[in-house]
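Numbering (my numbering), first residue to last: 57 to 231. Ideal Cβ placement from N, Cα and C applies to all residues, glycine included. Keep in mind the model is a prediction, meaning the values are calculated, not measured. Single-structure report; data block below.
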Amino acid sequence: MPIEIIERQIYLVRGQKVMLDADLASLYQVPTKVFNQAVRRNLSRFPQDFMLQLSKEETSSLRSQIVTLEKGRGRHPKYRPLAFTEQGVAMLSSVLHSDRAAQMNILIIRAFIALRNMLATHKDLARKMESIERQQAEHGEQLAAVYSIVKQLINPPDKSKKRIGFALADEEVTK
Numbered sequence: 057m058p059i060e061i062i063e064r065q066i067y068l069v070r071g072q073k074v075m076l077d078a079d080l081a082s083l084y085q086v087p088t089k090v091f092n093q094a095v096r097r098n099l100s101r102f103p104q105d106f107m108l109q110l111s112k113e114e115t116s117s118l119r120s121q122i123v124t125l126e127k128g129r130g131r132h133p134k135y136r137p138l139a140f141t142e143q144g145v146a147m148l149s150s151v152l153h154s155d156r157a158a159q160m161n162i163l164i165i166r167a168f169i170a171l172r173n174m175l176a177t178h179k180d181l182a183r184k185m186e187s188i189e190r191q192q193a194e195h196g197e198q199l200a201a202v203y204s205i206v207k208q209l210i211n212p213p214d215k216s217k218k219r220i221g222f223a224l225a226d227e228e229v230t231k
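Below, the structure is given as structure tokens:
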């Protein structure tokens, strides 16, 4: 399975990158109910920074972003979804003991790492862009100063020579 598919199932909730229980269950090829039962039997392995239960608002927000519900009777989940952080996904390997679970855990951890690397690259690019913009602004100011100096050299201001002595006003000259 390509990592890109798994990356699309990683969401940002409460400032953390998480995967939902239904997505993980489908990757492990087990029903969500069985998956959640295995997790609930081992709750001591999943502290708050490994797993969190979504609030109603978070659930409805995610449902509007990703269409997870099918229409029809009995299709709506009764419980709010569980969300697992990268550490929680790693801990799932101690709860689910199938070969498929081990293989999927490796792929999921790689997807989290790839996402983290991608975000770090974007931050580096943003910093470099800001630096270039600052330099460009400085160079723009310097070029404007050089341009005004060159313009003054090409077109020196008209300086009329002051006459020495007594000068009559223009009105008096015309009389």
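In whole angstroms, give me the CA-to-CA distance for residue i and residue j.
i: ASN92; j: ARG172; result: 27 angstroms
i: SER149; j: GLN109; result: 20 angstroms
i: MET174; j: ILE59; result: 13 angstroms
i: ALA158; j: VAL95; result: 16 angstroms
i: ARG97; j: GLU186; result: 50 angstroms
i: GLU194; j: LEU209; result: 23 angstroms
i: VAL206; j: GLN198; result: 12 angstroms
i: HIS178; j: MET160; result: 27 angstroms
i: SER44; j: GLN192; result: Nothing can be reported for residue 44, as the shown portion of the chain is limited to 57 through 231.
i: SER120; j: ALA182; result: 30 angstroms
i: PRO212; j: ALA200; result: 18 angstroms
i: PHE222; j: VAL202; result: 41 angstroms
Return the chain-ordered list of same chain residues with a C-beta closer than 7 angstroms to the C-beta of residue i, the five sequence neighbours on each side being excluded.
i: ASP79; result: GLN65
i: PHE81; result: First, the residue type needs correcting, since residue 81 is Ala and not Phe in the sequence shown. Within the same chain, ALA81 has close Cβ partners PRO87, THR88, PHE91.
Taking 8 angstroms as the threshold (C-beta atoms), are residue j and residue i in contact?
i: LEU76; j: ALA139; result: yes
i: ILE164; j: VAL145; result: yes
i: GLN143; j: ASP105; result: yes
Of the residues the options, which one's Cα is nearest the Cα of residue i?
i: ARG136; options: LYS218, ALA193, THR88, LEU199; result: THR88
i: LEU83; options: ALA182, GLN72, ILE62; result: ILE62
i: PHE102; options: ALA81, ALA201, GLN192, MET147; result: MET147
i: VAL90; options: LYS218, LEU152, ILE162; result: LEU152
Which whole-angstrom value is the C-beta distance of residue i and residue j, which I expect to be below 8 angstroms?
i: GLU114; j: VAL69; result: 6 angstroms
i: TYR67; j: LEU118; result: 6 angstroms
i: ARG190; j: GLN85; result: Contact doesn't hold; Cβ gap of about 52 angstroms is too wide.
Suppose the cutoff is 6 angstroms on Cβ atoms and the five residues either side in sequence are ignored; what does the same chain contact list for residue i look like?
i: GLN72; result: THR141
Can you find the residues in the same chain that come closer than 8 angstroms, C-beta to C-beta, to residue i, ignoring five residues on each side of it along the sequence?
i: SER116; result: none
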